[in-house]
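Asks: A single structure is presented below for examination.
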DNA sequence: TAGATTGTTAATCGATTAACAATC
DNA sequence: TAGATTGTTAATCGATTAACAATC
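Protein chains in written order, with this note's numbering: chain A, 3 to 208; chain B, 3 to 208.
Written out as structure tokens, the structure reads:
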């Protein structure tokens, strides 16, 4: 009954639940919600939500539903975002720039700490207050700052090589914006964001 | 036997296959590949790749595998990206800026045509050569330019209202960067990109 | 109490995989 | 021919849903 056996498809829905609940907490005066209400909002069946949550404990009350703030706290703990993770951004181009300026990270568990680039013209400049460091210093600086998460926003040609360095530097998870499949040891988790993949999932149905 | 009954999970893998094949075509001198080779590259079983493709036809040859260029063309046709789609970007902030400068769209089936913002300071300026238009002109300009796809890069508070306007303006698909669940009629397809959701899928396993 | 909603069970539904005849 | 690999079938595996006793 370790967490290892919980299906990844379940895990992938938890951040969606957490996001919707956080919004409900901000929008609504009511302290509670139900699997029915949450499901309607997300287009998911109430049974699926209850089943998903049941992998982790009993968070609701019959007749009443779920206390929103409590469930938020449970999900934060489950997803390990009760505290902030320090994150490095690799690549100070347009995507790195957008990431550095995005203000939606902090209250959802992530704090950008370091930004790297390989372009001498960018190294030493500042991006939203962050100094841009030489990517050559990855292996030195990530361990020194105890950083285990990285967002990869370099050109596709460079992505695999940089990913290798990240792994060497002790990174355990990579959010990759490069439109390629990067290969990493199975101890390292990769999630990728490729807008074209998402767009093509739309056009198929056109 | 219409395409409507093909599982969405299958559709979601096709852009990944297409992307990997395009890379293989560029990298390798060999004209063919096999489900085994492609699967190894993507961490997917060869059986699954053959099964997925079998929904659409017979594209391979026993003993030989698949001609890479042919399979690319089949997938482009299936995903309806043989020709480019004109796309609008709503929001000329950091994300809109990154999208406007991204040069990975055109050869994968998408061409940014119009950019909108609500900020008077941005309206009329240029972003990578594109003029930024007043978002109030959405409902006039999208139909005039025959645009049915949009990338939504506005603040979360504005996202639902803008999505409503997009739907009104005849948009059939939305790629949303807003960290909320936007509600649309079921004739409209939405895909969302939320880096925090992806990061939380990583930290769970930490 | 009556109404609402949970957590869980069992049934259903759907996706993945193993295996192999066909054949290049 | 021998080796390789497809497309497909059937079996297996896993996820979703319907239903309901428990209970707030």
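We put the beta carbon where it would ideally sit given N, CA and C, even for glycine.
Going by the DSSP bridge assignment, what does residue 114 (chain B) pair with across the sheet?
Replies: Beta-bridge pairing links residue 114 (chain B) to B:89.
Asks: Compute the distance between the beta-carbons of residue 115 (chain B) and residue 149 (chain B), then report whether it is under 8 Å.
Replies: Taking 8 Å as the Cβ cut-off, residue 115 (chain B) and residue 149 (chain B) qualify as a contacting pair.
Asks: Compile a chain-ordered list of the residues in the segment 164–181 of chain B whose CB is closer than 7 Å to at least one CB of chain A.
Replies: Of all residues in the segment 164–181 of chain B, 174, 175, 177 and 181 have a Cβ within less than 7 Å of some Cβ in chain A.
Asks: Looking at chain B, is there any beta carbon in it that lies within less than 8 Å of the beta carbon of residue 205 (chain A)?
Replies: Yes, because at least one Cβ of chain B sits closer than 8 Å to the Cβ of residue 205 (chain A).
Asks: Would you kindly report the start and end of the unbroken alpha helix (DSSP H) that includes residue 134 (chain A)?
Replies: Taken as a continuous stretch (DSSP letters only), residue 134 (chain A) belongs to no alpha helix (DSSP H), being part of the beta strand (DSSP E) at 132–136.
Asks: Excluding five sequence neighbours on each side, which residues of the same chain lie with their C-beta closer than 8 Å to the C-beta of residue 131 (chain B)?
Replies: Result list for residue 131 (chain B): empty, nothing under 8 Å.
Asks: Just reading off the alpha helix (DSSP H) that residue 37 (chain B) is part of, what are its end residues?
Replies: 37–44 is the extent of the alpha helix (DSSP H) around residue 37 (chain B).
Asks: If you pair each beta-carbon of the segment 109–125 of chain A with each one of the segment 87–101 of chain A, do three or more pairs fall below 8 Å?
Replies: Short answer: they touch.
Asks: Should residue 2 (chain A) be flagged as near chain B, meaning a C-beta pair shorter than 8 Å?
Replies: Residue coverage of chain A in this structure runs from 3 to 208, which leaves residue 2 (chain A) outside it and unanswerable.
Asks: Helix, strand or coil, according to DSSP, for residue 172 (chain B) in the structure here?
Replies: The answer is coil: DSSP assigns residue 172 (chain B) none of H, G, I, E or B.
Asks: Touching or not, the segment 24–42 of chain B and the segment 57–71 of chain B, by the rule of three or more beta carbon pairs under 8 Å?
Replies: Yes, they touch.
Asks: Based on Cα-Cα distance, which residue from B:106, B:171, B:72 and B:83 lies nearest to residue 138 (chain B)?
Replies: Of the candidates B:106, B:171, B:72 and B:83, the one whose C-alpha sits nearest the C-alpha of residue 138 (chain B) is B:171.
Asks: Residue 128 (chain A) CB to nearest chain B CB: under 8 Å?
Replies: No, residue 128 (chain A) lies away from the interface with chain B (no Cβ there is under 8 Å from its Cβ).
Asks: What does DSSP give as the partner residues of residue 53 (chain A) in its beta bridges?
Replies: None; residue 53 (chain A) has no bridge partner.
Asks: Would you mind giving the Cβ-Cβ distance between residue 54 (chain B) and residue 61 (chain B), rounded to the nearest angstrom? I have them listed as a contact below 8 Å.
Replies: Not confirmed; about 11 Å, so no contact.
Asks: Quick check: residue 17 (chain B) and residue 193 (chain A), are their CB atoms within less than 8 Å of each other?
Replies: The answer is no: Cβ separation not under 8 Å.
Asks: Going straight from the alpha carbon of residue 168 (chain A) to that of residue 197 (chain B), what length do you get?
Replies: Their backbone Cα atoms lie some 19 Å apart in a straight line.
Asks: Quick one: what's got a C-beta closer than 7 Å to residue 47 (chain B)'s C-beta in the same chain, skipping five residues either side?
Replies: Once the five neighbours on either side are set aside, the close Cβ partners of residue 47 (chain B) are 41.
Asks: If we ignore side chains and look at the alpha-carbon of each, how far apart do residue 83 (chain A) and residue 143 (chain B) end up?
Replies: The straight-line gap from Cα to Cα measures roughly 42 Å.
Asks: So which residues on chain A does residue 195 (chain B) lean against when the C-beta distance must stay under 8 Å?
Replies: What residue 195 (chain B) touches in chain A: 195, 197 and 200.
Asks: Taking all protein chains shown into account, do 16 or more other C-beta atoms lie within 10 angstroms of the C-beta of residue 9 (chain B), making it buried, or fewer, making it exposed?
Replies: It counts as exposed.
Asks: Please state if the CB of residue 99 (chain B) and the CB of residue 129 (chain B) are separated by a distance shorter than 8 Å.
Replies: It is a contact, given that the beta carbons lie within the stated cut-off.
Asks: Looking at the structure shown, is residue 75 (chain A) part of a helix, part of a strand, or coil, going by DSSP?
Replies: Residue 75 (chain A) falls in the helix class under three-state DSSP.
Asks: Using only the alpha-carbon positions, how far apart do residue 80 (chain B) and residue 205 (chain A) sit?
Replies: In a straight line, the C-alpha of residue 80 (chain B) is about 9 Å away from that of residue 205 (chain A).
Asks: Which residues of chain B have a Cβ atom closer than 8 Å to the Cβ of residue 99 (chain A), listed in chain order?
Replies: The contacting residues are 96, 99 and 100.
Asks: Can you give the Cα-Cα distance for residue 25 (chain A) and residue 181 (chain B), rounded to whole angstroms?
Replies: Approximately 10 Å between the Cα atoms of the pair.
Asks: Between the Cα of residue 43 (chain B) and the Cα atoms of B:136, B:22 and B:29, which residue gives the shortest distance?
Replies: It is B:22 whose Cα lies nearest to the Cα of residue 43 (chain B).
Asks: Considering only the alpha carbon of each residue, which of B:94, B:185 and B:175 lies closest to residue 163 (chain B)?
Replies: Answer by Cα proximity: B:185.
Asks: Assuming residue 202 (chain A) is part of the alpha helix (DSSP H), what are its boundary residues?
Replies: 197–205 is the extent of the alpha helix (DSSP H) around residue 202 (chain A).
Asks: Counting C-beta neighbours from all protein chains within 10 Å, is the total for residue 11 (chain A) 16 or more, i.e. buried, or is it exposed?
Replies: Classification for residue 11 (chain A): exposed.
Asks: Mind pulling the beta strand (DSSP E) runs of 3 or more residues that sit fully within the segment 146–191 of chain B?
Replies: Correct list: 151–154 and 175–178.
Asks: Can you say whether residue 124 (chain B) is buried or exposed, counting buried as having 16 or more other CB atoms within 10 angstroms of its CB?
Replies: With 16 or more other Cβ atoms within 10 Å, it is buried.
Asks: Could you tell me whether any Cβ in chain A is nearer than 8 Å to the Cβ of residue 151 (chain B)?
Replies: Interface residue, yes.
Asks: Among the residues of its own chain, which have a CB less than 7 Å from the CB of residue 127 (chain B), if the five just before and after it don't count?
Replies: Only 134 meet the Cβ criterion.
Asks: Tell me whether the beta-carbon of residue 154 (chain A) lies closer than 8 Å to the beta-carbon of residue 120 (chain A).
Replies: No, these two residues do not count as a Cβ contact at 8 Å.
Asks: In this structure, does DSSP put residue 60 (chain A) in helix, strand or coil?
Replies: Correct three-state label for residue 60 (chain A): coil.
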